[in-house]
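The block underneath contains the structure these notes are about, expressed in structure tokens.
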Amino acid sequence: MNQVLQVKDLSSGYGKVTILRDINFQIEENEIVAIIGSNGAGKTTLLKTISKLISPFAGEIVFEGQNITKYPPHLISQAGIAHVPEGGKLFINMTVYENLLMGTYRNRKKIKEDVLEEIYEIFPILKKREKQLAKTLSGGEKQMLSIGRSLASQPRFLMLDEPSQGLAPKLVDDIYQKLSILKKKGITILLIEQNINYALQFAERAYVLENGKIVMEGNSKELLGNEHVKKHYLGI
Ligand code: ATP
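If you're matching positions, the sequence shown starts at 588 in the working numbering and goes up one per residue.
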């Protein structure tokens, strides 16, 4: 299997405050990997560092063999990485179609027809709602739109920040079913979740982040049976 992402000795934070310390992990092609951890562990900071919304203090990020540590955000997108941020961050006063357009890395006037068709095939509801303003969508539809928008740049690697947040269980199942379709299409997925049950049901492997450090890793089955995970994250 080819390695898609390799994060080596990564440290990052805000201003002078270090949040992530010596983070090391890797993701193979077409894997689904979760980063789990409680509130404030540094999960969002990790995704923001990989997509370069914040700059790392130290360490290296290698994507498909290229050192992307110093790339600005638009080059990260062009390299084939997409980031679905926490809460979706949609342009709520724009239509569904205009939001999808914003996902193309050059904000083109049109999305390539075949890319748009593929997004609509995965999320038929977006085609139905194409001309509606994003603010009129339900919570589940908004999450579908933010994932759909991330596909407009045709990524090979997708990072999602808490896709289950604020959604009823049935809608979470719908979202995860869509993510399974993306995996079948060959996309590698890194997922961060506070809902560890969802994360470990869906991902093949996971890393546990506590206070900015990776303290444990393993396949999802192993972690579900781990005493520390059961006690601290599953309340068993
Ligand atoms: P949550 O699920 O609550 O988002 P998280 O694991 O994603 O948790 P982060 O959002 O990465 O955690 O936050 C990690 C730490 O960084 C927290 O202590 C938080 O207060 C701090 N932090 C987050 N954003 C900023 C910021 N813009 N400036 C300064 N500190 C921040």
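Note that CB positions come from ideal geometry on N, CA and C, so glycine has one too.
Owing to the predicted nature of the structure, the values given are computational and were not obtained by experimental measurement.
Assignment of residue 658 by DSSP, reduced to helix, strand and coil, places it in the coil class. Looking at 783, 673, 640, 739, the one whose alpha-carbon comes closest to that of residue 625 is 783.
Of the residues assessed, residue 636 falls on the buried side of the cut-off, its CB having 16 or more other CB atoms within 10 angstroms. In this structure, DSSP gives residue 615 an extended state, which the three-state scheme calls strand.
Between the alpha carbons of residue 669 and residue 815 lies a gap of roughly 32 Å. Contact residues of the ligand ATP (beta-carbon closer than 5 Å to any heavy atom; chain order) are 601, 606, 626, 627, 628, 629, 630, 631, 632. With respect to residue 677, residue 621 sits apart: the two C-beta atoms are not nearer than 8 Å.
Between residue 768 and residue 747, the C-beta gap is not smaller than 8 Å, which leaves the two residues out of contact.
For the set 793, 674, 766, the Cα lying nearest the Cα of residue 725 is the one of 674. Here the alpha carbon of residue 742 sits roughly 23 Å from the alpha carbon of residue 597. Burial of residue 780 is indicated by the presence of at least 16 other C-beta atoms within 10 angstroms of its C-beta. A Cβ-Cβ contact shorter than 8 Å links residue 750 with residue 730. Beta-bridge annotation (DSSP): residue 650 is paired with 592, 653. For residue 716, no alpha helix (DSSP H) encloses it, and the DSSP letter there is neither H nor E. Counting every other CB atom within 10 Å of its CB across the protein chains shown gives residue 638 a total of 16 or more, marking it as buried.
Taking C-alpha positions only, residue 653 is separated from residue 647 by approximately 10 Å. With contacts defined as CB atoms closer than 8 Å, residue 795 and residue 623 qualify as a contacting pair. For residue 803, the CB contacts under 8 Å within the same chain, skipping 5 residues up- and downstream, are 794, 795, 810, 813, 815, 816 in chain order. According to DSSP, residue pairing for residue 606 in a beta bridge does not occur. Cα atoms of residue 710 and residue 649: separation of roughly 31 Å, rounded to the nearest angstrom.
Per DSSP, residue 775 is one residue of the beta strand (DSSP E) stretching across 775 to 780.
When the Cα atoms are used, residue 615 and residue 658 turn out to be separated by approximately 21 Å.
Within the DSSP bridge table, the entry for residue 670 names 746 as partners.
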